[in-house]
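What follows is one structure encoded as structure tokens, with my remarks underneath.
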Amino acid sequence: MHFTLHSNLDRVQAKRQFATSGWVSLRPFIADDQAELLRAHLLERDDWRLRLRDLDGHYFDLSTREMESLGEAKMAAVRAMIAPKAGQQGFGNSHSRIRIIDPDGRREETRNILCDFGEFLFSPPVAELVSDITGVAGIDFADTFAARYDPGDYATNHNDGIDERKAAFVFGLTKSWRVEWGGLLLIHEDEGEGEVRRGLVPAFNCLNLFTVPLPHSVSIVAPFAKEPRLSITGWYYVDRAERYIEHAMSGSLNEGKE
Amino acid sequence: MMSDRPFRRATDLMEAEIGDELVALEPAKGNCFGFNSVATSVWRALAEPRSFDQLRDALLDEYDVDAEQCSSELRTLLEDMEARGLIEPVP
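Sequences listed follow chains A and B, in order. Following the working numbering, the numbering of the first sequence begins with 57 at its first residue and continues without gaps. Following the working numbering, the numbering of the second sequence begins with 65 at its first residue and continues without gaps.
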């Protein structure tokens, strides 16, 4: 599928806001009907994997089948075991993922609309737009994954500042969200337990673009949230396009499965 | 072939009790396990090395089951736990 940037994007205003605050929301980002197709695809997928990280940096990964096998009570206990404790520092999170393009340029997703969108995000028009807004010259690659936050999911304060990342993005595909349901992208003043500078409510067809490093978190999704918080998320890099080309030419993990 | 040697735990788990069952996370490998009540009993008993006979006798004391069925199901359980890297024969 061919994606196009929305014609109403105000690049000058976006550039100004990013320069002063370190983040900007581009909304609408693409044509609404294209965003609708992405959302519909994510809602149909049944191969999400729950990814948990405790504050000591241990990762746990569960398929939908494994979660169903454990049942609600045991899953609640699992979440409680890895949940942040009072006074505990570090980065922990809980959300479900579908990997689209990994940081080494491997396309793990069977070619479909998600893969097309992952490639669109670092296609020349978008890469040039992101470079222009962020002031980072030479952006040419983004690693991407689809993220779904269900009730109980969250991400604690972190800054994304690893692996030569130049900018972070969260492309919202969430509809009919209430701020009381949580799931807010919170931009913090610092790495500690300080003030929250801004809370961005999950939205539809909205690209939140922010500088790296920037302290941020995702507030816990309330048990009574009636919709999943859906997004396509990732990070931008410079001088990595060749990696993707190499992997695509040599055969990625899912080549031949189309 | 089930070892005649005693068994011991082969990994450290983060555990949470759910009634008489257990859910456990293995931080070193990122695994998650749901133990039913029998597996929970065996795992708890293996806080110290235990032979097959010791484990079977403990289960016979705890559950209303005949010895033959208990031995058969315990053998299957231990094989499964060993295959998952949870337990190992004591060298």
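Glycine included, C-beta positions come from ideal geometry on N, C-alpha and C. Keep in mind it's a predicted model, so treat the numbers as computed, not measured.
Exercise. To the nearest angstrom, how far is it from the Cα of B/Ser105 to the Cα of B/Leu123?
Worked result: Residue 105 of chain B sits at position 41 when you count from the first residue of the second sequence. Residue 123 of chain B sits at position 59 when you count from the first residue of the second sequence. In a straight line, the C-alpha of B/Ser105 is about 8 Å away from that of B/Leu123.
Exercise. Quick one, which residues of the stretch 84-104 of chain B are near chain A if we go by CB-CB under 7 Å, in chain order?
Worked result: Val87, Leu89, Pro91, Gly94, Cys96, Gly98
Problem set entry | Endpoints, the beta strand (DSSP E) within which A/Glu100 is located | Walking along the first sequence from the start, residue 100 of chain A turns up at place 44. Taken as a continuous stretch (DSSP letters only), A/Glu100 belongs to no beta strand (DSSP E), being part of the alpha helix (DSSP H) at 88-100.
Exercise. Which class does A/Pro41 belong to by DSSP, given the choice of helix, strand or coil?
Worked result: Chain A is shown from 57 up to 314; residue 41 of chain A falls before or after that span and cannot be answered.
For this session: Consult DSSP for A/Ile276 and reduce its assignment to one of helix, strand or coil.
Result: Sequence index remark: in the first sequence, residue 276 of chain A carries index 220 (1-based). A/Ile276: coil per DSSP, three-state reduction.
Exercise. For A/Glu122 and chain B, any beta-carbon pair shorter than 8 Å?
Worked result: Counted from its first residue, the first sequence places residue 122 of chain A at position 66. A/Glu122 counts as touching chain B.
Exercise. For A/Leu99, is the classification buried or exposed, using 16 other Cβ atoms within 10 angstroms of its Cβ as the cut-off for buried?
Worked result: Position 43 of the first sequence, counted from the start, is the residue given in the question as residue 99 of chain A. A/Leu99 should be labelled exposed.
For this session: To the nearest angstrom, report how far apart B/Ile82 and B/Arg108 are at their CA atoms.
Result: Within the second sequence, residue 82 of chain B is the residue found at index 18, counting from 1. Within the second sequence, residue 108 of chain B is the residue found at index 44, counting from 1. Those two C-alpha atoms are separated by around 14 Å.
For this session: Would you tell me roughly how many angstroms separate the C-alpha atoms of A/Ala87 and A/Thr289, rounded to the nearest one?
Result: The residue you call residue 87 of chain A lines up with position 31 of the first sequence. The residue you call residue 289 of chain A lines up with position 233 of the first sequence. Cα-Cα distance, rounded: 18 Å.
Exercise. Counting only beta-carbon atoms, is A/Val277 nearer than 8 Å to chain B?
Worked result: Residue numbering aside, residue 277 of chain A sits at position 221 when the first sequence is read from its first letter. For A/Val277, the answer is no, since every Cβ of chain B falls outside 8 Å of its Cβ.
Exercise. If we count Cβ pairs, one from each stretch, closer than 8 Å, do we get three or more for the stretch 213-228 of chain A versus the stretch 247-262 of chain A?
Worked result: yes
Problem set entry | Where A/Arg285 sits in the DSSP three-state scheme | Reading the first sequence from its first residue, position 229 is the one you call residue 285 of chain A. The answer is strand: DSSP assigns A/Arg285 an E or B state.
For this session: Report yes or no: do three or more beta-carbon pairs, one from the stretch 278-288 of chain A and one from the stretch 199-207 of chain A, lie closer than 8 Å?
Result: yes
For this session: From the DSSP output, in three-state form, read off A/Gly228 for me.
Result: Position 172 of the first sequence, counted from the first residue, corresponds to residue 228 of chain A. A/Gly228: strand per DSSP, three-state reduction.
For this session: Could you tell me the boundaries of the alpha helix (DSSP H) in which A/Val134 lies?
Result: On the first sequence, residue 134 of chain A is found 78 positions in, with the first residue counted as 1. 120-138 is the extent of the alpha helix (DSSP H) around A/Val134.
Exercise. For A/Val257, does the three-state DSSP call read helix, strand or coil?
Worked result: In the first sequence, residue 257 of chain A corresponds to position 201, counting from 1. Three-state result, A/Val257: coil.
Problem set entry | Burial state of B/Lys93, where buried means 16 or more other Cβ atoms lie within 10 Å | Looking up residue 93 of chain B in the second sequence gives position 29. Exposed.
Exercise. Closer than 8 Å, CB to CB, is B/Ala80 near chain A or not?
Worked result: As a position in the second sequence, residue 80 of chain B is number 16, starting the count at 1. It does; some Cβ of chain A falls within 8 Å.
Problem set entry | Of the listed residues A/Phe59, A/His62, A/Val80, A/Thr60, nearest to A/Gln69 (C-alpha basis) | Locating residue 69 of chain A in the first sequence gives position 13, counting from the first residue. When each option's Cα is compared against that of A/Gln69, the closest is A/Val80.
Problem set entry | Cβ contact (3+ pairs, closer than 8 Å) linking the stretch 257-271 of chain A and the stretch 132-140 of chain A | no
Problem set entry | Local Cβ density within 10 Å of A/Gly143, reported as buried at 16 or more and exposed below that | The residue you call residue 143 of chain A lines up with position 87 of the first sequence. So A/Gly143 counts as exposed.
Exercise. Would A/Gly312 count as contacting chain B if we go by Cβ distances under 8 Å?
Worked result: Here residue 312 of chain A corresponds to residue number 256 of the first sequence, with the count starting at 1. In this prediction, A/Gly312 has a pLDDT of 33, which is less than 50 and means its spatial position is unreliable; nothing more can be read from the coordinates.
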